[in-house]
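Q: The structure that follows is given in the form of structure tokens.
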Amino acid sequence: MLDLSAINAAYGNVQVLRGLSLTAKPGEVTCVMGRNGAGKTTMLRAIMGQVPVTAGSITLNGQPLHSLPAHEVPRHGIGYVPQGRRLFGELTVAQNIQIGLMTRQKGAKTRDAVLSLFPRLRERLSQRASTLSGGEQQMLAIARALCLEPSVLLLDEPTEGLQPSMITLIRDTLLTLKSTGVATILVEQRVDAVLSMADHIAFVTHGTVAETLQNTNLSSATPQFQKYVGV
Amino acid sequence: MDFGPYLLLALMEGTVMAAVLALTAVGLSLVFGVMRVVNVAHGEFFMLGAVVAWFVTHYMPGPPALAFAAALVICPLVVGGIAALSDTLILKRLNYDPEATIVATIGLSYIFQQAALTFYGPDARPVEAPFNLRLQLPWFGYSGYKIAVVLAAMLLLLAVWLLMTRTRAGLIMRATQLDRNTARAFGINVDKVYAGVFALGAGLAAVAAVLIVPIQQAHYLMGHDPLLLSFIVVIIGGLGSLRGTLLAAVIIGLSDGVISVFFSPTLAKILATLLVAMVLVFRPQGLFGAKP
Ligand SMILES: Nc1ncnc2c1ncn2[C@@H]1O[C@H](COP(=O)(O)OP(=O)(O)OP(=O)(O)O)[C@@H](O)[C@H]1O
Ligand SMILES: [Mg+2]
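Those protein sequence lines, which keep their order, are chains X and E. Note that the first sequence covers residues 87 to 317 in this note's numbering. Note that the second sequence covers residues 167 to 458 in this note's numbering.
Written out as structure tokens, the structure is:
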């Protein structure tokens, strides 16, 4: 279980997260929604150790993560799919996958399992990542994170700019992972995507979680969507 | 001597120059490419390589060839170690801020120069070549050692290329170069990579200096020319592009050799600097660099 407890985080002097708390449990998808600039990406970067946490704590199964150097966080089994994908564009698909595998010294078995989730990538292994289509790039970004065999998966707007067929594929993949017990934090702006996957929804404004909804009353969440996301 | 053989001689001198320059410039290019650090102290790492080579060959007993072979191994290690230390103690603390690191490496270059002046002295001192072989061509004799320098440099460059393209360490360096934050999110210890790349860059300059020091004596101010020429090569080749750096080293090395032999070394430097100015005006990404 990943637990963020009242964290503050800042870029230099600019404080972005203010007492933000959130929990991600195994086999559950926690969706995070909020307007542009609310601090969703910053929250994920704080978990990854890329933004300093100035107060509060981030723990994984009780073990503190916030005091670790950034490169040690993923070694605890936290897979990160950043906003905008952030692939190593000049490297090949195979090399991007290999970097994912190296994180936790995984081998051919993991590689095969990941590639069988995304057969399209297997056909493009020697192609440069930057030459893939948008949907394929997103598959690769997810595949690269799955190479860690993560127990926690962080995804930042993975459906941004993708076709409906690709969104369905990504949703099915996430639901498969969920059934294997992965704890997922999904930052997502599309209400339909959220409703079809979320166990919980956390609404973020001004760097803090203002309200959380459980899966039982998602369908009656229209006022919250309007208030926090504006749709 | 007739024009033909004279040109051949000039080209051979230019090839030796190009080989050593390529090694030095690849070190500079690697550091800039991966770390985005403009290392003004690069010439002093070259100088330290030559000076340490003098100490090793001077104090090591046994045949000169063996002492020279030892210098080839010891110098890049010592200079690489100094570089890694400079990275950890100074550059890292500046957060690799582009302007601050330029000032810091200027400072470092003075420290290294003055340290060499203090412990090594103001004299230029020769290092004996590991072997004395004269290659007799129909028109003139040529130093077999110089040919060995070219071959050794080519082997080392091949090794660097294999390291960057075929090994795990190379993959890690390239990932760090492309996106250091994402590299961190995949367990890459960027601090360690930076220290290693800075050491590798300095080690390449040092090994180039060991190769050249039997031809050109070791002196505490000898870092200036390699620094200037490396910058010229890296700018012409395209910042951070290894292939461009190699090609530019060949062009600059050969033309420097030819112009130096036929006219004067000063004219060679003037023309090279002019070429850089033209490149910066008309093709800022370098002759072989990708468009930004
Ligand atoms: N590197 C940075 N340095 C300084 N401020 C930053 C940096 N990155 C983000 N910010 C600021 O932090 C705030 C939160 O940004 P963040 O990217 O976390 O928002 P977000 O909720 O992910 O928005 P979006 O929906 O647009 O992705 C914004 O005001 C932004 O301007
Ligand atoms: Mg964002």
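Yeah, the Cβ is synthetic: ideal placement off N, Cα and C, and Gly gets one too.
Pull up the CB-CB distance for VAL445 (chain E) and ALA176 (chain E), whole angstroms please, since I reckon it's below 8 Å.
A: With 8 Å as the limit, VAL445 (chain E) and ALA176 (chain E) do not qualify as a contact, their Cβ atoms being about 24 Å apart.
Q: Just to confirm the assignment, what range does the alpha helix (DSSP H) spanning MET129 (chain X) have?
A: It spans 126-133 - the alpha helix (DSSP H) in which MET129 (chain X) sits, taken as one unbroken run.
Q: Is THR127 (chain X) near ligand 2, with its Cβ less than 6 Å from a heavy atom?
A: Answer for THR127 (chain X): yes, Cβ within range of ligand 2.
Q: Go to GLN223 (chain X), then tell me how far its alpha helix (DSSP H) extends in each direction, as first and last residue.
A: That run of the alpha helix (DSSP H) goes 220-232.
Q: In the stretch 339-352 of chain E, which residues sit with their C-beta less than 7 Å from some C-beta in chain X, listed in chain order?
A: Cβ contacts with chain X: ARG340, ALA341, LEU344, ASP345, ASN347, THR348, ARG350, ALA351, PHE352.
Q: Just checking VAL373 (chain E) against ligand 1 - is the residue's beta carbon closer than 6 Å to any of the ligand's heavy atoms?
A: No, since every heavy atom of ligand 1 falls outside the 6 Å radius drawn around the Cβ of VAL373 (chain E).
Q: Do GLN451 (chain E) and GLY404 (chain E) come within 7 Å of each other at the CB atom, strictly closer than that value?
A: Cβ distance < 7 Å, so GLY404 (chain E) and GLN451 (chain E) count as in contact.
Q: As an exercise, report each continuous alpha helix (DSSP H) stretch of at least 4 residues that is fully enclosed by the stretch 259-312 of chain E, in chain order.
A: DSSP runs (the alpha helix (DSSP H)) wholly in the stretch 259-312 of chain E: 264-286.
Q: Once you ignore the five residues that flank CYS241 (chain E) on each side, which residues in its own chain have a CB closer than 6 Å to its CB?
A: Here the set comprises GLY215, VAL218, ALA219, ALA372, VAL376.
Q: Using a Cβ-Cβ cutoff of less than 7 Å, which residues in the same chain neighbour PRO458 (chain E) once the five nearest sequence positions on both sides are dropped?
A: In this prediction, PRO458 (chain E) scores a pLDDT of 49, lower than 50, which makes its location untrustworthy; the coordinate-derived value is nonetheless stated afterwards. Result list for PRO458 (chain E): GLN451, in chain order.
Q: Looking at the unbroken alpha helix (DSSP H) that takes in TYR172 (chain E), where does it start and where does it end?
A: Counting along the chain, the alpha helix (DSSP H) containing TYR172 (chain E) begins and ends at 169-201.
Q: Counting Cβ pairs closer than 8 Å, one from the stretch 193-207 of chain X and one from the stretch 123-138 of chain X, do we hit at least three?
A: Contact between the stretch 193-207 of chain X and the stretch 123-138 of chain X is absent, because fewer than three Cβ pairs lie under 8 Å.
Q: Measuring alpha carbon to alpha carbon, tell me which residue in E:SER421, E:SER426, E:PHE428, E:GLY455 is nearest LEU441 (chain E).
A: With distances taken between Cα atoms, LEU441 (chain E) lies closest to E:SER421.
Q: Could you give the residue range of the alpha helix (DSSP H) that holds ASP357 (chain E)?
A: Counting along the chain, the alpha helix (DSSP H) containing ASP357 (chain E) begins and ends at 356-378.
Q: With ALA288 (chain X) as the anchor, note down where its beta strand (DSSP E) starts and where it stops.
A: Residues 286-291.
Q: Residues of the stretch 177-201 of chain X with a CB closer than 8 Å to any CB of chain E: list them in chain order, please.
A: Against chain E - using a Cβ distance shorter than 8 Å - the residues of the stretch 177-201 of chain X are LEU177, GLN181, GLN184, ILE185, GLY186, MET188, THR189, ARG190.
Q: Which value, in whole angstroms, describes the spacing of the CA atoms of LEU174 (chain E) and GLY419 (chain E)?
A: Distance between the alpha carbons of LEU174 (chain E) and GLY419 (chain E): 14 Å.
Q: Can you tell me which of the three DSSP states GLY170 (chain X) falls into?
A: Three-state DSSP puts GLY170 (chain X) in coil, outside helix and strand.
Q: Quick one: does LEU412 (chain E) have its CB under 7 Å from some CB of chain X?
A: Chain X, which has no Cβ nearer than 7 Å to the Cβ of LEU412 (chain E), makes this no.
Q: My understanding is that VAL379 (chain E) touches VAL239 (chain E), with C-beta atoms under 8 Å, so please give their C-beta distance in whole angstroms.
A: No, VAL379 (chain E) and VAL239 (chain E) are not in contact; Cβ-Cβ is about 15 Å, not under 8 Å.
Q: Pull up the CB-CB distance for MET225 (chain X) and PHE204 (chain X), whole angstroms please, since I reckon it's below 8 Å.
A: With a Cβ gap of about 5 Å, MET225 (chain X) and PHE204 (chain X) count as contacting.
Q: Any heavy atom of ligand 2 closer than 6 Å to the Cβ of GLN223 (chain X)?
A: Because no heavy atom of ligand 2 lies under 6 Å away, the Cβ of GLN223 (chain X) does not count as near it: no.
Q: Can you tell me where the alpha helix (DSSP H) holding ASN182 (chain X) begins and where it ends?
A: Counting along the chain, the alpha helix (DSSP H) containing ASN182 (chain X) begins and ends at 179-189.
Q: Give the C-beta separation of LEU207 (chain X) and THR178 (chain X) to the nearest angstrom, bearing in mind that I take them to be a contact with Cβ-Cβ under 8 Å.
A: Contact flag wrong, Cβ pair sits at about 11 Å.
Q: Thinking C-beta only, is LYS111 (chain X) closer than 7 Å to VAL118 (chain X)?
A: Not in contact: VAL118 (chain X) and LYS111 (chain X) (Cβ atoms no closer than 7 Å).
Q: Closer than 6 Å to a non-hydrogen atom of ligand 2 - does that hold for the CB of GLN129 (chain E)?
A: No answer is possible for residue 129 (chain E): it lies beyond the span of chain E, which begins at 167 and ends at 458.
Q: Please confirm whether any heavy atom of ligand 2 lies closer than 6 Å to the CB of GLN136 (chain X).
A: No, Cβ of GLN136 (chain X) sits at least 6 Å from all heavy atoms of ligand 2.
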